[in-house]
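According to UniProt numbering, the sequence shown is numbered sequentially starting from 1. Each residue gets a CB set at the ideal place from its N, CA and C atoms; glycine is no exception. Just so it is clear, the structure is predicted and the values come from calculations on it, not from any experiment. For reference, the structure discussed in these notes is given below.
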Amino acid sequence: MPADNSAPGPSHPMPAATSDTAAASEDPAASVASAADPAPAGGPAAAMPEMFTWEFATDPYPAYAWLREHAPMYRTTLPSGVEAWLVTRYADAKQVLADPRLSKNPQRHSAAAHARGRVGIPGERNADLMMHLLNIDPPDHTRLRRLVSAAFTPRRVAEFAPRVQELTDRLIDDFVERGSADLIHEFAFPLPIYAICDMLGVPAEDQDDFRDWAGMMIRHGGGPRGGVARSVKKMRSYLADLIHRKREGLGDDLISGLIRASDDGEHLSENEAAAMCFVLLFAGFETTINLIGNGTLALLRHPAERARLQAALAAGDTALLDTGVEELLRYDGPVELATWRFATEPLTVAGERVAEGDPVLVVLAAADRDPERFTDPDRLDLTRRDNQHLGYGHGIHYCIGAPLARIEARTAIGTLLTRLPDLQLAADPSELRWRGGLIMRGLRTLPVTFTPGDTTTAR
1 MPADNSAPGP SHPMPAATSD TAAASEDPAA SVASAADPAP AGGPAAAMPE
51 MFTWEFATDP YPAYAWLREH APMYRTTLPS GVEAWLVTRY ADAKQVLADP
101 RLSKNPQRHS AAAHARGRVG IPGERNADLM MHLLNIDPPD HTRLRRLVSA
151 AFTPRRVAEF APRVQELTDR LIDDFVERGS ADLIHEFAFP LPIYAICDML
201 GVPAEDQDDF RDWAGMMIRH GGGPRGGVAR SVKKMRSYLA DLIHRKREGL
251 GDDLISGLIR ASDDGEHLSE NEAAAMCFVL LFAGFETTIN LIGNGTLALL
301 RHPAERARLQ AALAAGDTAL LDTGVEELLR YDGPVELATW RFATEPLTVA
351 GERVAEGDPV LVVLAAADRD PERFTDPDRL DLTRRDNQHL GYGHGIHYCI
401 GAPLARIEAR TAIGTLLTRL PDLQLAADPS ELRWRGGLIM RGLRTLPVTF
451 TPGDTTTAR
């Protein structure tokens, strides 16, 4: 799920997300400026690999390796017209993610830079839904995070684990007898939506509406398309009504917990509660889809690691699943770039001078493959212990939903490998299409085959 770290891509800003990590654009080639951008001043003369094409979306890591070596702090112009810095080395990324001189508030974007942008940056539309943890700084961030943490507790998440298992088995039951499936549309997509709806307290009869709204947003990103705008409006209206109804009769769900939460007698406003629900839904939902999809594909493409994990699970040992999910987050995580930050004063990163108001984007996918931090970083190693990846962010905006996301990923991947032991990819990896974007990166489809099995009710 989100880290206070998920969010919309710059060229197609979505109204929300939960970690430095969130919504994707439909077309990677339209998500960022071409690599034909001139090299940074004083930078290398060698040509930069082509970026943000369909080929790049399939495997962005060679280009990120080039940036780490030759232009670790790279200034580029995004298709929206906004100029931004890309940070690619682990040490610099960790510094930037925790630097209080870099604000999450879009209003910190300099007026001159803003005027040059054709679309602008997240935070300009749906202002009432944008006042969430991703777009605010202390002291407002401190207050809201404390209130949300009082409701979204580790105990609440741990107690929800059996429900995640139940949902996982139910979804697999729907296709297990068929012997084939698209794991994105039939499994990875619905699981986190139904899970977070249950946790929030959305009635079962309304959850398919959320699935439809989420599907619209993941297909079309956060762009100004009418369908997306209508989905956001419908969800905002629904959440406002649901919060109002919950106030009249509080239950044990997360929305009721958010309403109860107080900090020195101060409660979340209705707009703050709605924005937090929105961000939990969409930041957590797309990141978890991508974690399950990208992670399963990585295991299918590394049969020795997959066999090692299956053997451990068959022996009742889940320790390798725990370290394995962390390695999948590092190796090919769901979020490529952390969400926007803006310099509140002039500062220097990796030897480059960043002006006040400049946007800065941390390339998490590049930082988590930095050979200066990780041994043999391009190798998938489920036993990796020294693995302080940045997949869920770092600092005060570390993903508040990380515990739930971990439970969902462990349950989903562990159950798939246990119930479908001979799971096989049903397409050449080069033919798979990716929902590439500036912020998020995940598969559009993941076709698989397996020996048909029994449903949980038939076993």
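- Taking a cut-off of 8 Å for Cβ pairs, the segment 318 to 333 and the segment 384 to 395 touch, as three or more such pairs fall below it.
- Remark: C-beta atoms of F285 and I196 approach each other more closely than 8 Å.
- Taken atom to atom, the span from the alpha-carbon of H244 to that of A409 is near 32 Å.
- With contacts defined as CB atoms closer than 8 Å, L321 and G401 fail to qualify as a contacting pair.
- If you look at W54, you'll find it isn't in any beta strand (DSSP E); it sits in the alpha helix (DSSP H) that goes W54 to T58.
- About 17 Å separates the CB atoms of P72 and A343; that is not less than 8 Å, and the two are not in contact.
- Taking C-beta atoms as the reference points, S103 and D137 count as a pair closer than 8 Å.
- Restricting attention to D206, P371 and M440, the CA atom closest to the CA of A283 is found in M440.
- In the structure shown, the three-state DSSP call for D182 is strand.
- Taking a contact to require three or more Cβ pairs closer than 8 Å, the segment 248 to 266 and the segment 292 to 302 do not qualify as touching.
- Bounds of any beta strand (DSSP E) do not take in M276; it lies within the alpha helix (DSSP H) bounded by E270 to L300.
- When DSSP assignments are scanned along the segment 348 to 378, the uninterrupted stretches of alpha helix (DSSP H) that are 4 or more residues long and fall wholly within it turn out to be 364 to 367.
- At the C-beta level, P452 and R178 come within 8 Å of one another.
- With a threshold of 16 other beta carbon atoms within 10 Å, T383 falls short and is exposed.
- Within the same chain, and ignoring the five residues on either side of P192 in sequence, the residues whose Cβ sits closer than 7 Å to its Cβ are G284, F285, T288, I289 and E408.
- Here S149 is exposed. Its C-beta has fewer than 16 other C-beta atoms within 10 Å.
- DSSP, read as helix, strand or coil, puts F342 in strand.
- Closest in alpha carbon position to C277, among D209, Y331 and M199, is M199.
- Between W340 and P100, the CB-CB gap reaches or exceeds 8 Å.
- Secondary structure at Q424: strand, using DSSP grouped into helix, strand and coil.
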